[in-house]
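Colleague: Take a look at the following structure, please.
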Amino acid sequence: MTWIPEAASNLAGKVDGVLLVITLISIFFFVLISAVLIYFAVKYRRRREDEETPYITGNETFEIIWTVIPSILLILLFVYGYVVYKDMRTPPKDAVDITVTGKQWLWTFDYYNGKKTLNELYVKQNVPVRMIMRADDVLHSFFIPQFRVKQDILPGRYTQLWFIPTKVGTFDIFCAEYCGTGHSAMLGKVIVLSPEAYDIWEKGIGMDDGAAVSSLPPAELGEKIYKQKGCNACHSLDGSVVIGPSFKGLFGRTGVLENGKSYTADENYLIASIYEPQEEIVEGFQPVMPSFKGILSENEVDAVIAFIKTLK
Amino acid sequence: MSEHTHSQEKHITSYKTYFIVWVALMVLTFVTVYISYLDFGQLNIVIAMVVASIKAGAVALFFMHLKFEDSITWLFALFPIALLFLLIGMTILDTFTRIFPI
Amino acid sequence: MEQANMDHAEGHDLHLTPEQEYGISKLGMWLFLGTEIMLFGGLFAAYAIFRAKYPEMFLESHQELNREMGAVNTCILIFSSLTMAIGVTAIQRGKQMLAGIMILVTIICGLGFGVVKYFEYGAKFAHHIYPDTNIFFSLYFMMTGLHMLHVFIGLAVLGVIMVLTFKGKFNEKYSTPVEMGGLYWHLVDLVWIYLFPLLYLVG
Amino acid sequence: MANHTVATNVYVPFLEQKGFLSWFLTTDHKRIGILYLISISLFFLIAGVLALLMRFELMTPMSDFVSPHTYNVLFTLHGSLMVFFFIVPGLAASFGNFLIPLMIGAPDVAFPKLNLASYWIYIVGAIITLIALLSPADTGWTFYTPYSATTDTDVVMITFGVFVLGFSSILTGMNFIVTIHKMRAPGMTWHRLPLFIWASYATAVLQLLATPVVGITLLMLIAERSLGVGFFDPAKGGDPVLFQNFFWFYSHPAVYIMIIPAMGVISEIIPVFARKPIFGYKAIAYSSLGIAFISFLVWAHHMFTSGISEVAATIFSFLTFLVAIPTAIKVFNWTATLYKGSIELHSAMLYALGFIFLFTIGGLTGVFLGALAVDIHLHDTYFVVAHMHYVMIGGTVMGFFGALHFWYPKWFGKMFNESVAKLAWFLVFVGFNITFFPQFFLGIQGMPRRYATYPEEFESLMALSTYGSWILGLGVLIMTVNLIKGLFSDEKAPQNPYGSLSLEWQVPSPPPTLNFDKIPIVTDWTYGYGKKKEVDA
């Protein structure tokens with residue numbers, strides 16, 4: 000682990016430049032003060048009770064020096080920080096737009112090409128992206144450490160950020176603004192694809208729908224989806240109640256709904272709960288789950304159900 | 000107890016001064032209500048605030064005897080108002096210079 | 000020992016002269032008024048922002064308010080400030096009866112202000128206007144409500160001061176509580192001087 | 000420094016009188032100081048235990064000790080109790096109450112009864128907040144809307160508790176300002192005042208003028224939840240960021256309400272144990288006022304990523320850098336005071352030196368967060384957590400512990416075990432650094448704060464931090480036991496064990512009920528240590 004995460008966007012290097020300069024200046028002053036402090040504490044330690052000390056009340060030259068030099072340094076740091084900030088806040092004209100919606104506790108991405116993904120953001124290497132962001136409920140914050148970008152997203156208003164991903168790979172998206180019980184599970188991935196791979200993805204062959212994945216047994220595919228699409232933020236596998244009912248022993252369970260009716264968790268009920276989650280809420284839970292219509296294909300829903308069936 | 004105590008000679012304001020201030024306040028109240036029926040566009044709020052500030056100034060200076068207070072009282076009377084302007088000014092600046100107009 | 004404890008129980012007697020107590024109380028009062036300005040300040044700041052954001056809503060909503068009632072209340076409050084100021088000068092000149100009566104008139108005016116406000120709020124509720132109707136009325140109810148709370152606190156304070164004045168506790172040598180009560184009451188007036196045009200006149 | 004008249008009356012220590020009422024209806028500033036000291040220490044210990052529970056949960060990536068919701072409640076309570084019940088009233092109310100009248104040569108504060116009322120308002124606020132624990136809030140101590148307006152937990156009660164508490168803070172601030180203006184002993188001019196008084200004055204101004212803004216903000220939040228108004232609700236035309244503007248307009252100055260008194264304590268301890276006049280008295284004195292003033296101008300640096308405008312962010316970033324200047328001046332001056340001194344490493348002095356060391360780290364990492372570009376990356380990560388704790392624990396709490404050890408003999412007339420105190424200091428210092436220094440790296444790595452669970456790559460540093468918290472906890476425990484044990488020791492403290500020139504050391508330990516038999520007449524400043532040359536005098 001290096002002291003700073005990998006620099007995977009055009010902005011990262013610039014931010015690291017400022018960070019490095021401030022770090023060096025800070026280390027210099029810290030070492031200076033600590034060294035002087037320790038040196039004085041040792042050299043001038045009290046040896047006898049009746050030691051005589053000089054009456055020094057100040058020294059204007061020194062005081063002016065150590066007021067002016069830090070002031071100049073601080074102003075320079077401000078300017079450096081501002082110049083990079085300006086860059087970070089000014090998207091280029093040719094950036095492609097991706098709309099981000101944050102909701103307790105998942106991310107949805109709507110692409111300029113009409114695609115829609117959940118918790119996984121696909122971007123093309125070396126192509127500038129502008130994220131237009133909005134929240135559905137409370138504050139969230141879109142944060143990719145490797146890109147050095149972060150922006151709070153708010154209900155009722157749009158905010159933006161931009162970056163050029165420079166490295167192919169998969170990086171974490173964190174929610175950095177506290178948003179409630181599932182805050183720490185509101186994780187996403189940004190997947191930077193090479194231009195060729197991106198074209199394949201864009202043509203509609205989602206990576207997960209590709210031959211390699213769809214050849215997985217349904218239950219394994221379901222487990223993969225469970226983690227990727229954020230089901231794990233609310234549904235545990237060990238019987239503990241997080242936000243929604245646990246998946247453990249869910250299949251075939253019977254119980255009472257908020258509206259007083261009873262239910263049996265069979266295939267039909269589970270499909271309906273994924274596509275129309277607000278319709279039938281199990282007693283004691285909040286209607287907070289979003290619809291996965293258009294996000295999960297029928298095959299994928301089948302896979303998730305197959306996965307749930309394995310959890311006795 | 001302290002070096003400040005010697006100069007506590009109170010200033011007593013006369014009834015006459017109060018009446019004059021009161022008449023002025025009533026006139027200004029009438030003026031501000033009257034003007035509110037006319038339409039000066041954006042100027043309305045400016046006029047209303049100027050009139051209100053004159054009234055508030057009169058109350059503070061004469062009814063509250065601020066005119067006769069020492070500098071430390073003036074400081075603590077004016078500093079909160081400056082802070083209030085700071086709060087209003089900077090929140091407005093923020094609200095109306097955001098990228099996406101609301 | 001017992002003697003010393005008695006001294007202490009008497010309230011850690013500071014042995015202040017009336018002049019010293021006056022200077023201390025007055026500075027304290029002004030500091031407290033500064034706090035009050037900042038307390039209302041948050042609402043004034045919210046008002047400024049939302050008015051700039053939604054000028055039409057403010058214009059439309061403020062017409063629901065009763066300008067005449069507001070003006071009447073302004074006059075009542077300004078008059079009460081006058082009587083309070085006269086009361087202060089009266090006690091400074093040692094005229095206890097006049098001072099007491101003036102404080103009484105002030106209290107009556109304050110009650111009158113409350114009665115008018117009661118009818119105003121009643122009329123709003125009758126028109127189904129509540130604090131959650133829109134932001135203008137949220138501000139209206141919160142600002143006037145907080146102001147009203149200050150009026151009530153002022154009335155309670157002045158009530159005590161009036162009783163003590165009639166009892167002859169204050170005179171030209173010692174009138175500090177009357178003056179402090181007066182300062183507080185003028186602040187209530189001061190806030191209203193801004194609330195009235197902001198809410199009733201220019202919306 | 001003072002022509003202190005020899006006692007003519009019988010000496011009655013202020014602790015002499017016993018009984019319930021003598022404490023609960025006392026208007027003696029020293030006793031009220033003790034009441035505050037006990038109350039804030041209790042809250043410090045409670046909130047500290049909550050912190051240990053959180054760190055325990057964070058030892059592993061999964062939520063295996065408490066559920067995510069419980070974790071959120073824990074950090075909300077830890078933050079609220081520490082901030083509003085310990086550190087804001089903390090030094091200002093406990094040591095401020097005890098020391099201000101003694102240091103300026105007054106029999107008491109200007110409004111003794113109001114002082115008592117302030118304390119009871121504090122207790123009422125605390126009780127309301129404890130009632131709120133029946134359904135503890137999970138909003139974080141910042142109560143950000145819209146989450147705080149929509150969560151099922153009891154936000155109204157806890158914010159109302161804090162609202163009530165605010166009045167205690169306001170009245171205390173007012174009381175101290177008037178006291179410092181009007182109650183100084185003859186000859187105690189502004190430029191002879193101990194620097195703790197300057198610090199208390201600056202703090203009091205902040206308490207007086209910043210607190211009402213958070214009061215009205217919390218009131219607006221309460222109205223939002225109970226009356227359905229929509230100041231902060233976008234669906235009703237409100238603006239959630241406005242809440243943050245209002246909240247930080249108070250809470251940034253509040254940071255200085257917390258730290259400035261500690262700076263004052265350090266300015267008292269260092270000259271005494273170095274036997275040197277404080278270096279650059281006026282610079283330190285006026286930098287307290289300067290910090291207080293600038294602190295009103297920098298609030299939005301907590302909001303660079305919150306969706307405020309870029310113009311506002313730029314202005315606030317610039318102003319933020321300005322606040323570093325008076326802070327740097329203080330650090331340099333404290334260090335320079337040691338030059339050619341006769342330094343005794345008493346436990347109080349160790350805390351003071353620890354303060355300079357840790358606060359320097361806290362201050363310098365503040366520069367990272369003030370710089371716009373870097374803040375974008377570091378905001379809302381563990382870097383902020385570490386920075387804030389370096390300022391709050393490394394600064395304020397070190398100052399608080401230093402003050403406890405320094406004025407302990409004066410306050411209680413007893414001595415604690417100095418060797419144990421040094422051991423406790425060592426554990427606190429080491430434990431603190433092990434706990435929080437790794438968090439800087441966690442933050443730079445991108446670990447967001449307020450996470451109940453976290454990705455596995457952070458596990459080793461998180462575990463290290465947890466081990467450190469145990470050492471820190473042990474250190475605080477030993478210190479507490481040592482100080483409490485000292486109260487029951489037979490060792491009587493001398494009047495002036497360290498040879499201080501400040502007025503409070505010129506009266507017996509513990510001070511008599513009315514402080515001074517006769518109001519002293521001050522003839523020199525507080526820091527006349529060392530051998531004067533003719534020119535300087």
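Protein chains in written order, with numbering that gives the first Met the number 0: chain E, 0 to 311; chain H, 0 to 101; chain F, 0 to 202; chain R, 0 to 536.
Ideal placement from N, C-alpha and C gives every residue a C-beta, glycine not left out.
Nothing here was measured: the structure is a model prediction, and the numbers come from that model.
Give the DSSP bridge partners of residue 491 (chain R), in chain order.
Modeller: Along the fourth sequence, read from residue 1 onward, the residue named residue 491 (chain R) stands at position 492. Per DSSP, R:413.
Colleague: Taking 7 angstroms as the threshold (C-beta atoms), are residue 61 (chain R) and residue 452 (chain R) in contact?
Modeller: If you number the fourth sequence from 1, residue 452 (chain R) lands on position 453. If you number the fourth sequence from 1, residue 61 (chain R) lands on position 62. Yes, the pair counts as a contact, with Cβ atoms nearer than the cut-off.
Colleague: Determine whether the beta carbon atoms of residue 505 (chain R) and residue 4 (chain E) lie at a separation below 7 angstroms.
Modeller: Residue numbering aside, residue 505 (chain R) sits at position 506 when the fourth sequence is read from its first letter. Residue numbering aside, residue 4 (chain E) sits at position 5 when the first sequence is read from its first letter. With contacts defined by Cβ atoms closer than 7 angstroms, residue 505 (chain R) and residue 4 (chain E) do not form a contacting pair.
Colleague: Please check if any C-beta of chain F sits within less than 7 angstroms of the C-beta of residue 538 (chain R).
Modeller: Here chain R covers residues 0 to 536 and nothing more, so residue 538 (chain R) does not appear.
Colleague: Taking DSSP as the reference, what is the three-state secondary structure of residue 90 (chain H)?
Modeller: By one-based count along the second sequence, residue 90 (chain H) stands at place 91. The answer is helix: DSSP assigns residue 90 (chain H) an H, G or I state.
Colleague: Give the single residue among R:363, R:399, R:219, R:183 whose Cα lies nearest to the Cα of residue 519 (chain R).
Modeller: If you number the fourth sequence from 1, residue 519 (chain R) lands on position 520. The candidate whose alpha carbon is nearest that of residue 519 (chain R) is R:183.
Colleague: Can you find a C-beta in chain H that's less than 7 angstroms from the C-beta of residue 131 (chain F)?
Modeller: As a first step, residue 131 (chain F) is located in the third sequence; it is residue number 132 there, counting from the start. So, not an interface residue.
Colleague: If you compare alpha carbons, which of R:270, R:205, R:148 is closest to residue 227 (chain R)?
Modeller: What you label residue 227 (chain R) is simply residue 228 of the fourth sequence in a count that begins at 1. With distances taken between Cα atoms, residue 227 (chain R) lies closest to R:148.
Colleague: On the DSSP bridge assignment, give the partners of residue 107 (chain E) in chain order.
Modeller: Position 108 of the first sequence, counted from the first residue, corresponds to residue 107 (chain E). DSSP output for residue 107 (chain E) lists E:100, E:117 as bridge partner(s).
Colleague: I want to verify the contact list: residues of chain F whose CB lies under 7 angstroms from the CB of residue 340 (chain R), in sequence order.
Modeller: Within the fourth sequence, residue 340 (chain R) is the residue found at index 341, counting from 1. Those within 7 angstroms of residue 340 (chain R) in chain F number zero; the least Cβ separation is about 38 angstroms.
Colleague: Over what stretch of residues does the alpha helix (DSSP H) that includes residue 131 (chain E) continue unbroken?
Modeller: Within the first sequence, numbered from 1, the residue matching residue 131 (chain E) stands at position 132. Careful: residue 131 (chain E) lies outside any alpha helix (DSSP H), inside the beta strand (DSSP E) at 128-134.
Colleague: Output the distance between the C-alpha atoms of residue 0 (chain H) and residue 56 (chain R), rounded to the nearest integer angstrom.
Modeller: Residue numbering aside, residue 0 (chain H) sits at position 1 when the second sequence is read from its first letter. Residue numbering aside, residue 56 (chain R) sits at position 57 when the fourth sequence is read from its first letter. For residue 0 (chain H), the predicted model reports a pLDDT of 41, less than 50, meaning its position is unreliable and no value from the coordinates is stated.
Colleague: In whole angstroms, what is the alpha-carbon distance linking residue 45 (chain R) and residue 488 (chain R)?
Modeller: Reading the fourth sequence from its first residue, position 46 is the one you call residue 45 (chain R). Reading the fourth sequence from its first residue, position 489 is the one you call residue 488 (chain R). Residue 45 (chain R) and residue 488 (chain R): Cα-Cα distance of roughly 26 angstroms.
Colleague: Could you check the C-alpha separation between residue 254 (chain E) and residue 268 (chain E) for me, to the nearest Å?
Modeller: Translated into positions along the first sequence, residue 254 (chain E) becomes position 255. Translated into positions along the first sequence, residue 268 (chain E) becomes position 269. So the two alpha carbons sit approximately 12 angstroms from each other.
Colleague: On a Cα-Cα basis, can you pick out the residue from E:281, E:177, E:67, E:236 that is closest to residue 70 (chain R)?
Modeller: Residue 70 (chain R) sits at position 71 when you count from the first residue of the fourth sequence. Checked all of E:281, E:177, E:67, E:236; the closest Cα to residue 70 (chain R) is E:177.
Colleague: Start and end of the alpha helix (DSSP H) containing residue 18 (chain E)?
Modeller: As a position in the first sequence, residue 18 (chain E) is number 19, starting the count at 1. Taken as a continuous stretch (DSSP letters only), the alpha helix (DSSP H) holding residue 18 (chain E) covers 9-42.
Colleague: Verify the contact flag: residue 439 (chain R), CB atom, against every heavy atom of the ligand MN, threshold strictly below 6 angstroms.
Modeller: Although the ligand MN was asked about, the structure shown includes no ligands whatsoever.
Colleague: What are the residues that DSSP puts in a beta bridge with residue 263 (chain E)?
Modeller: As a first step, residue 263 (chain E) is located in the first sequence; it is residue number 264 there, counting from the start. DSSP, once it has assigned bridges, lists E:253 as partnering residue 263 (chain E).
Colleague: Out of R:514, R:335, R:525, which one is the CA nearest neighbour of residue 28 (chain R)?
Modeller: Numbered from 1 along the fourth sequence, position 29 holds the residue referred to as residue 28 (chain R). Cα-wise, what sits closest to residue 28 (chain R) is R:514.
Colleague: Quick check on the burial criterion: 16 or more other C-beta atoms within 10 angstroms. Buried or exposed for residue 145 (chain E)?
Modeller: Counting from one through the first sequence, the residue named residue 145 (chain E) turns up at place 146. Classification of residue 145 (chain E): buried, given that the 10 Å Cβ count is 16 or more.
Colleague: If the cut is a Cβ gap below 8 angstroms, which residues of chain R does residue 40 (chain E) touch?
Modeller: Taking the first residue of the first sequence as position 1, residue 40 (chain E) is located at position 41. Those within 8 angstroms of residue 40 (chain E) in chain R are 337, 342, 344, 352.
Colleague: Determine, using beta carbons only, whether residue 490 (chain R) comes closer than 7 angstroms to chain E.
Modeller: Here residue 490 (chain R) is taken as the residue at index 491 of the fourth sequence, counted from 1. No, no contact with chain E.
Colleague: In angstroms, rounded to a whole number, what distance separates the CA positions of residue 171 (chain E) and residue 33 (chain E)?
Modeller: As a working mapping, residue 171 (chain E) is identified with position 172 in the first sequence. As a working mapping, residue 33 (chain E) is identified with position 34 in the first sequence. Distance between the alpha carbons of residue 171 (chain E) and residue 33 (chain E): 38 angstroms.
Colleague: With residue 288 (chain R) and residue 195 (chain R) assumed to form a contact (beta carbons below 8 angstroms), what rounded beta-carbon distance in angstroms separates them?
Modeller: Position 289 of the fourth sequence, counted from the first residue, corresponds to residue 288 (chain R). Position 196 of the fourth sequence, counted from the first residue, corresponds to residue 195 (chain R). Wrong, their Cβ atoms sit about 14 angstroms apart, outside the cutoff.
Colleague: Hey, does residue 308 (chain R) have any beta-carbon neighbour from chain H nearer than 7 angstroms?
Modeller: In the fourth sequence, residue 308 (chain R) corresponds to position 309, counting from 1. By this cut-off, residue 308 (chain R) is an interface position.
Colleague: Give the residues from the segment 248-259 of chain R that approach chain H closer than 9 angstroms (Cβ to any Cβ), ordered along the chain.
Modeller: 248
Colleague: Strictly below 8 angstroms CB to CB, what residues from chain E border residue 150 (chain R)?
Modeller: As a first step, residue 150 (chain R) is located in the fourth sequence; it is residue number 151 there, counting from the start. Ordered by position in chain E, the residues that pass the 8 angstroms Cβ test against residue 150 (chain R) are 179.
Colleague: Compute the Euclidean distance between the alpha carbons of residue 223 (chain E) and residue 15 (chain E), then round it to the nearest angstrom.
Modeller: Looking up residue 223 (chain E) in the first sequence gives position 224. Looking up residue 15 (chain E) in the first sequence gives position 16. If I take the Cα positions, the gap works out to 35 angstroms.
Colleague: In terms of residues, what are the limits of the alpha helix (DSSP H) holding residue 192 (chain E)?
Modeller: Locating residue 192 (chain E) in the first sequence gives position 193, counting from the first residue. Looking at the DSSP string, residue 192 (chain E) is not in any alpha helix (DSSP H); the run it does join, the beta strand (DSSP E), is 187-192.
Colleague: If we define contact as Cβ-Cβ less than 7 angstroms, is residue 393 (chain R) a contact residue for chain E?
Modeller: Working through the fourth sequence from its first residue, we reach residue 393 (chain R) at position 394. With 7 angstroms as the cut-off, residue 393 (chain R) does not count as an interface residue toward chain E.
Colleague: Taking the CB atoms as reference points, tell me whether residue 402 (chain R) and residue 264 (chain R) lie closer together than 7 angstroms.
Modeller: As a working mapping, residue 402 (chain R) is identified with position 403 in the fourth sequence. As a working mapping, residue 264 (chain R) is identified with position 265 in the fourth sequence. Yes, the pair counts as a contact, with Cβ atoms nearer than the cut-off.
Colleague: How would you list, in chain order, the residues of chain R whose beta-carbon sits under 7 angstroms from the beta-carbon of residue 87 (chain E)?
Modeller: In the first sequence, residue 87 (chain E) corresponds to position 88, counting from 1. By Cβ distance, chain R contributes 372, 375.
Colleague: From the DSSP output, in three-state form, read off residue 375 (chain R) for me.
Modeller: Counting from 1 along the fourth sequence, the entry for residue 375 (chain R) is found at position 376. In this structure, residue 375 (chain R) counts as helix in the three-state DSSP scheme.
Colleague: Would you identify the three-state DSSP class for residue 168 (chain E), choosing helix, strand or coil?
Modeller: For this step, residue 168 (chain E) is matched to residue 169 along the first sequence. Correct three-state label for residue 168 (chain E): strand.
Colleague: Which partner residues of residue 122 (chain E) appear in the DSSP bridge assignment?
Modeller: The residue you call residue 122 (chain E) lines up with position 123 of the first sequence. E:191, per the DSSP bridge assignment.
Colleague: Under DSSP, the alpha helix (DSSP H) around residue 142 (chain E) begins and ends at which residues?
Modeller: Walking along the first sequence from the start, residue 142 (chain E) turns up at place 143. That residue, residue 142 (chain E), is in no alpha helix (DSSP H); its beta strand (DSSP E) goes 139-143.
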